[in-house]
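Offset between the sequence shown (1-based) and my numbering: plus 172.
Even for Gly, the Cβ is constructed at its ideal location relative to N, Cα and C.
Since the structure is predicted, the reported quantities are computational estimates derived from the model, not experimental observations.
Have a look at the structure below, then the notes.
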Amino acid sequence: MICSAYYENATISNPEAIFTARCERHFLLMAVLALMLLFSCNAIAGKNIYTGWFSNKAVSGYDTVAYFTEGKAVKGNARFKYKYMGVEWYFSSEKHLKIFKKSPDKYWPQYGGYCAWAIAEKKQRVPADPNYWKIVDNKLYLNYDADIQGKWLKDIPGFIRLGNTNWPKMMAN
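See below:
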């Protein structure tokens, strides 16, 4: 234990050592609790929008408008960032930022940017990789990796139907 050295010297005749040891323990406990609160608030705030544990970036900082306008995954730039629904959305250009601001729901990834297959098949929030994506009926779906994307592509309508059933229940929990 960190404070054990103080306790060895602590006696009833030396109350200062006991007080010092208790203060250090309380400080350490408060520091640990503060860190837990810091990281849990980010996780709770973005629970229905995937941001990762140590980030507040939606879609890992990728430009969601670019999927629709350029047909590819494009990393966003911090110069074109916009806070929406408690998370930061990054864009590759001012033009894409303005497009998103006009109608964010159109460019918002389905299931909050979590893996579409995992939402449908496993009812689990699993991080998605922005490089594995597909637009279906003008909606952006992301998946975990190439293997999972391959599974999802085999029955897109079925997985979307399941995902659309599971996601509202998952958002409520």
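- In this structure the stretch 249-269 does not lie against the stretch 286-304, because fewer than three pairs of beta carbons, one per stretch, are closer than 8 Å.
- In the same chain as glycine 233, and ignoring 5 residues on each side of it, the C-beta atoms closer than 7 Å to its own belong to Lys247, Gly248, Tyr262, in chain order.
- Listed in chain order, the non-local C-beta contacts of valine 237 below 7 Å within the same chain comprise Phe263, His268, Ile271, Phe272, Tyr279, local neighbours out to five positions each way being set aside.
- In this structure asparagine 315 does not touch alanine 344 by the C-beta definition: roughly 23 Å separates them, more than the 8 Å allowed.
- For the pair methionine 257 and proline 329, the Cα-to-Cα distance works out to about 28 Å.
- Within the DSSP bridge table, the entry for aspartate 317 names no partner.
- Look at alanine 288 here: in three-state DSSP terms it is helix.
- Tryptophan 305 has Leu314 as its beta-bridge partners, per DSSP.
- Here DSSP, grouped into helix, strand and coil, assigns lysine 294 to helix.
- Glycine 285 counts as buried, since at least 16 other C-beta atoms from the protein chains shown sit within 10 angstroms of its C-beta.
- Phenylalanine 331 and isoleucine 307 have their alpha carbons spaced roughly 14 Å apart.
- Proline 281 and aspartate 317 have their C-alpha atoms roughly 16 Å apart.
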